[in-house]
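Heads up, the thing below is written out as structure tokens.
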Amino acid sequence: MNSPTKVKFGKVPLIFPIPIILAGALVRGKPNFETLGDVGIMGIKPPIIYISSGVNHYTNIGILEHETFSVNFPSTSLLTKTDYCGVVSGHKTDKSQLFDVFFGELRTAPMIEECPVNLECKVIKEFSILHRQIFIGDVVQAYVTKNFVTEREGRKQIMDMTKLDPIIYALDNRYYNIGEPIGVGYHESKKLHRED
Ligand SMILES: Cc1cc2nc3c(=O)[nH]c(=O)nc-3n(C[C@H](O)[C@H](O)[C@H](O)COP(=O)(O)O)c2cc1C
Numbered sequence: 631m632n633s634p635t636k637v638k639f640g641k642v643p644l645i646f647p648i649p650i651i652l653a654g655a656l657v658r659g660k661p662n663f664e665t666l667g668d669v670g671i672m673g674i675k676p677p678i679i680y681i682s683s684g685v686n687h688y689t690n691i692g693i694l695e696h697e698t699f700s701v702n703f704p705s706t707s708l709l710t711k712t713d714y715c716g717v718v719s720g721h722k723t724d725k726s727q728l729f730d731v732f733f734g735e736l737r738t739a740p741m742i743e744e745c746p747v748n749l750e751c752k753v754i755k756e757f758s759i760l761h762r763q764i765f766i767g768d769v770v771q772a773y774v775t776k777n778f779v780t781e782r783e784g785r786k787q788i789m790d791m792t793k794l795d796p797i798i799y800a801l802d803n804r805y806y807n808i809g810e811p812i813g814v815g816y817h818e819s820k821k822l823h824r825e826d
């Protein structure tokens with residue numbers, strides 16, 4: 631039976647919201663960053679993530695050369711530069727001076743100082759599918775700007791996710807910011823019994 635309330639929307643990978651990140655690589659000795667929405671967690675322990683980057687992108691050259699890359703989460707204040715990294719290619723334009731860059735343990739994965747969260751990744755698998763190159767990375771270290779870190783019961787925590795102010799994207803081609811927290815994971819379900 632067809633649903634009377636649903637409209638067929640076509641063959642669209644309508645997964646939303648999408649976090650916007652800047653993937654970083656050292657290409658021919660210089661940092662290069664590209665904007666990506668196609669990024670995700672593949673596992674938490676051990677920490678594995680993936681990025682999906684067009685096969686001809688300049689960033690890929692550096693990732694393949696060093697087998698390392700970074701994932702940087704820009705705040706909304708970096709929206710203009712972030713969009714720029716998504717419309718301009720390192721093949722034609724030098725993007726190495728856009729941000730303050732630092733390096734971590736791997737030495738070849740450039741990270742963006744201005745982004746509150748950075749992941750330093752070592753490639754553990756790479757393959758091409760259709761027009762995309764998929765890089766699966768082991769997160770060797772995560773970096774968080776000091777101002778956003780607090781300690782609770784001896785464990786480091788991010789103070790408040792809303793303060794990181796990440797850029798969110800959706801397939802309506804709009805950027806958004808995040809809203810307020812509305813619940814606690816694995817706990818909200820407890821209310822179900824009370825409401826029965
Ligand atoms: C909002 C936004 C999201 C994007 N997401 C992706 C993506 O997930 N995968 C991809 O291959 N390109 C994506 N792009 C396009 C690349 O960022 C763009 O082609 C960039 O110029 C590649 O840079 P590079 O050649 O210096 O590596 C996105 C662009 C924008 C503006």
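Sequential numbering of the sequence shown, starting at 631, is according to the working numbering.
In this text, a Cβ means the ideal position worked out from N, Cα and C, and glycines have one as well.
Check the C-beta distance from residue i over to residue j and give it rounded, since I have them as a contact under 8 Å.
{"i": "I648", "j": "I764", "result": "No, I648 and I764 are not in contact; Cβ-Cβ is about 16 Å, not under 8 Å."}
{"i": "Q787", "j": "T780", "result": "6 Å"}
{"i": "S700", "j": "M741", "result": "5 Å"}
{"i": "I681", "j": "I671", "result": "Not a contact, Cβ separation roughly 11 Å."}
Alpha carbons only, please: which of the options is nearest the one belonging to residue i?
{"i": "L709", "options": "P796, Y816, H687", "result": "P796"}
{"i": "L808", "options": "S705, H817, F639", "result": "Strictly speaking, residue 808 in this sequence is Ile, with Leu absent from that position. When each option's Cα is compared against that of I808, the closest is S705."}
{"i": "F646", "options": "E818, P811, Y805", "result": "Y805"}
{"i": "K776", "options": "H761, L794, R762", "result": "L794"}
{"i": "G734", "options": "K755, H721, V774, K722", "result": "V774"}
{"i": "I759", "options": "V685, P811, E697", "result": "V685"}
{"i": "M791", "options": "R782, G767, F778, A800", "result": "F778"}
{"i": "P811", "options": "N662, M789, K641, P643", "result": "M789"}
{"i": "T723", "options": "E697, H687, V731", "result": "H687"}
{"i": "G692", "options": "K675, S707, G720", "result": "G720"}
{"i": "D802", "options": "K636, V637, K638, V642", "result": "V642"}
{"i": "I650", "options": "Y816, L736, F703, L644", "result": "F703"}
{"i": "T665", "options": "G673, E756, N690", "result": "N690"}
{"i": "P746", "options": "S707, G784, G813, K821", "result": "S707"}
{"i": "L652", "options": "G640, F639, D668, L644", "result": "D668"}
{"i": "K755", "options": "R785, G784, I674, L694", "result": "L694"}
{"i": "H696", "options": "G673, G767, R785", "result": "G767"}
Using a Cβ-Cβ cut-off of 6 Å (strictly less than) and excluding sequence neighbours within five positions of residue i, which residues of its own chain qualify?
{"i": "P677", "result": "V769"}
{"i": "K711", "result": "L728"}
{"i": "S726", "result": "K660, P661"}
{"i": "F663", "result": "L652, G654, C715, K725"}
{"i": "A739", "result": "T698, F699, S700, E750"}
Based on DSSP bridge pairs, tell me the residues matched to residue i.
{"i": "K755", "result": "I766"}
{"i": "Q771", "result": "E750"}
{"i": "F661", "result": "A quick correction: the sequence has Pro, not Phe, at residue 661. DSSP lists L656 as partners of P661."}
{"i": "T780", "result": "Q787"}
{"i": "L666", "result": "I651"}
{"i": "M672", "result": "BP columns for M672 are empty, so no partner."}
{"i": "T698", "result": "K752"}
{"i": "N807", "result": "I797"}
In chain order, what residues of the same chain lie with their CB nearer than 8 Å to the CB of residue i, ignoring the 5 residues before and after it?
{"i": "H761", "result": "G684, V685"}
Could you pull out every residue in the same chain whose Cβ sits closer than 7 Å to the Cβ of residue i, ignoring the five residues on either side in sequence?
{"i": "L736", "result": "T698, E750, K752, V770"}
{"i": "F732", "result": "M741, E743"}
Within the 8 Å Cβ cut-off, does residue i reach chain D?
{"i": "I788", "result": "Of the protein chains in this structure there is only one, and it is not chain D."}
Subject >> Any 3 or more C-beta pairs closer than 8 Å across the region 632-640 and the region 713-724 >> reply: no
Original post:
Three or more beta-carbon pairs under 8 Å between the region 749-765 and the region 656-663, yes or no?
Top reply: no
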